[in-house]
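Protein chains: 2
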Amino acid sequence: MSISSRFSVGIHILSLIEFNKEGISTSDFLASSVNTNPAVIRKLMGMLKKAGLVEVHPGIAGAKLAKKMSEITLLDVYKAVNVVQDNELFGMHENPNADCPVGRHIQNTIEPIFSAAQLAMEKVLGNVTLEDVVKDIGKKSNIVC
Amino acid sequence: MSISSRFSVGIHILSLIEFNKEGISTSDFLASSVNTNPAVIRKLMGMLKKAGLVEVHPGIAGAKLAKKMSEITLLDVYKAVNVVQDNELFGMHENPNADCPVGRHIQNTIEPIFSAAQLAMEKVLGNVTLEDVVKDIGKKSNIVC
DNA sequence: TTACATGTAATCATTATAATTACAAGTTTA
DNA sequence: TAAACTTGTAATTATAATGATTACATGTAA
Numbered sequence: 001m002s003i004s005s006r007f008s009v010g011i012h013i014l015s016l017i018e019f020n021k022e023g024i025s026t027s028d029f030l031a032s033s034v035n036t037n038p039a040v041i042r043k044l045m046g047m048l049k050k051a052g053l054v055e056v057h058p059g060i061a062g063a064k065l066a067k068k069m070s071e072i073t074l075l076d077v078y079k080a081v082n083v084v085q086d087n088e089l090f091g092m093h094e095n096p097n098a099d100c101p102v103g104r105h106i107q108n109t110i111e112p113i114f115s116a117a118q119l120a121m122e123k124v125l126g127n128v129t130l131e132d133v134v135k136d137i138g139k140k141s142n143i144v145c
Numbered sequence: 001m002s003i004s005s006r007f008s009v010g011i012h013i014l015s016l017i018e019f020n021k022e023g024i025s026t027s028d029f030l031a032s033s034v035n036t037n038p039a040v041i042r043k044l045m046g047m048l049k050k051a052g053l054v055e056v057h058p059g060i061a062g063a064k065l066a067k068k069m070s071e072i073t074l075l076d077v078y079k080a081v082n083v084v085q086d087n088e089l090f091g092m093h094e095n096p097n098a099d100c101p102v103g104r105h106i107q108n109t110i111e112p113i114f115s116a117a118q119l120a121m122e123k124v125l126g127n128v129t130l131e132d133v134v135k136d137i138g139k140k141s142n143i144v145c
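Residue numbers (full-length UniProt numbering), protein chains in the order written: chain A, 1 to 145; chain B, 1 to 145.
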């Protein structure tokens, strides 16, 4: 099982908005780069907007970043697109048998471990900014950023 | 979205096998503690057996740990139950448009970041052993282990 | 007012999971 | 040997999340 591709698509469109900052990034434009349907982009854009990462307005073509790219981390994007809830990267089986010591305590015992593992993963994402991504793509494209 | 509860169930049954090491841990016994169907346990047990974590034999009732509990990490269990493939915690959108610099390079740019995040998470799991879990449950149950 | 954009809901196909049932095959014991 | 019990495994089903698609209301500007 994998975390939804919404996350990678979110990073893609934010990067492309930055790359295309002199142009107009409509949902059609972004969708053709991601290779998906414009409605999918608009839904995702709604999430990014709600998280304060992009500016976009009904009827007005094009989206812009709402912050400098150096101030947007991949963790921001990850949280914005809601692929994983807080403390719920790992699913837990419900209703273990409370008549058994293991069943009674397994959830409380495991929960902090799962939480620590999730936080370690998220910390890595928090240390990478959109600027890092955009610059790396620029370098790979031989375009000066 | 959450990682399958197979992982937490796997930890549960290994802990219970250890707790019940003087008794016979049949799939029915384990299932009643987890509160699921015995066939689910047997399927999971097959994965744990394949990974060398448990010993179980057709026709012979009961499962035993194949290693000392201090030598089984949660990472071993996680890998055994196959909830996340190597390097695939994060799904990536397929077929971005190669005519666009972002579409052409986004996957290569993002992949090492995703990989690093996943490894950080897995490292935490690798630092916790089944012994830690069992002892914590024991402590919560006021049972000397 | 016409053209085009965003916002959003509804529908559908696909996929993973977990529960359930059923039964073959191995082991023990009466 | 036969009966009882276990594991191993396949098939089926219900449920849930995802992503693609269509449709249309709403907003903006030429």
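Note that the Cβ used here is the ideal one computed from N, Cα and C, for glycine as well.
Using a Cβ-Cβ cut-off of 8 Å, state whether residue i counts as contacting chain B.
i	result
A/L130	no
A/N35	yes
A/N97	yes
A/I106	yes
A/V133	yes
A/I137	yes
A/G23	no
A/K140	yes
A/A80	no
A/V124	yes
A/L89	yes
A/I60	no
Tell me which same chain residues have a C-beta within less than 8 Å of the C-beta of residue i, skipping the five on either side of it?
i	result
B/I24	A61 and G62
A/A31	N37, P38, V40 and I41
B/E18	L65, M69, L130 and V134
A/I106	P96
B/D44	Correcting the residue identity first, residue 44 of chain B is Leu in this sequence and not Asp. Excluding positions up to five away in sequence, the list reads R6, V9, G10, I13 and V81.
B/N20	F29
Assuming residue i contacts residue j under a Cβ cut-off of 8 Å, what Cβ separation, rounded to an integer in Å, is found between them?
i	j	result
A/I137	B/T109	5 Å
B/F7	B/V128	Their Cβ separation, rounded to whole angstroms, is 12 Å, which puts B/F7 and B/V128 out of contact at 8 Å.
B/P96	A/V34	6 Å
A/S5	B/H93	4 Å
B/V75	B/L119	Checking the sequence shown, residue 75 of chain B turns out to be Leu, not Val. Their Cβ separation, rounded to whole angstroms, is 11 Å, which puts B/L75 and B/L119 out of contact at 8 Å.
Could you pull out every residue in the same chain whose Cβ sits closer than 6 Å to the Cβ of residue i, ignoring the five residues on either side in sequence?
i	result
A/V77	G10 and I11
B/L130	L14, M69 and I72
B/A51	A80
B/K49	V56
Output needed for residue i: all residues of its chain with C-beta closer than 7 Å, excluding positions within five of it in sequence on either side, in chain order.
i	result
residue 147 of chain B	Since the first residue shown for chain B is 1 and the last is 145, residue 147 of chain B is missing from the structure and cannot be characterised.
A/L16	S25, L30 and S33
B/M47	A80, V81 and N82
B/A98	R104
Distance cutoff 8 Å, beta carbons only. Does residue i sit that close to anything in chain A?
i	result
B/M92	yes
B/T109	yes
B/L16	yes
B/S27	no
B/M121	yes
B/P38	no
B/G103	yes
B/I11	yes
B/S8	yes
B/L74	yes
B/I41	no
B/A117	yes
B/S5	yes
B/S32	yes
Would residue i be called buried (16 or more neighbouring beta carbons within 10 Å of its own) or exposed?
i	result
A/E122	buried
A/S27	buried
B/E22	exposed
A/K79	buried
Evaluate the contact criterion for the stretch 93 to 111 of chain A versus the stretch 47 to 57 of chain A: three or more CB pairs, one atom per stretch, below 8 Å. Short answer: they don't touch.
May I ask you to verify whether the stretch 110 to 117 of chain B touches the stretch 81 to 97 of chain B, counting CB pairs closer than 8 Å and requiring at least 3? yes
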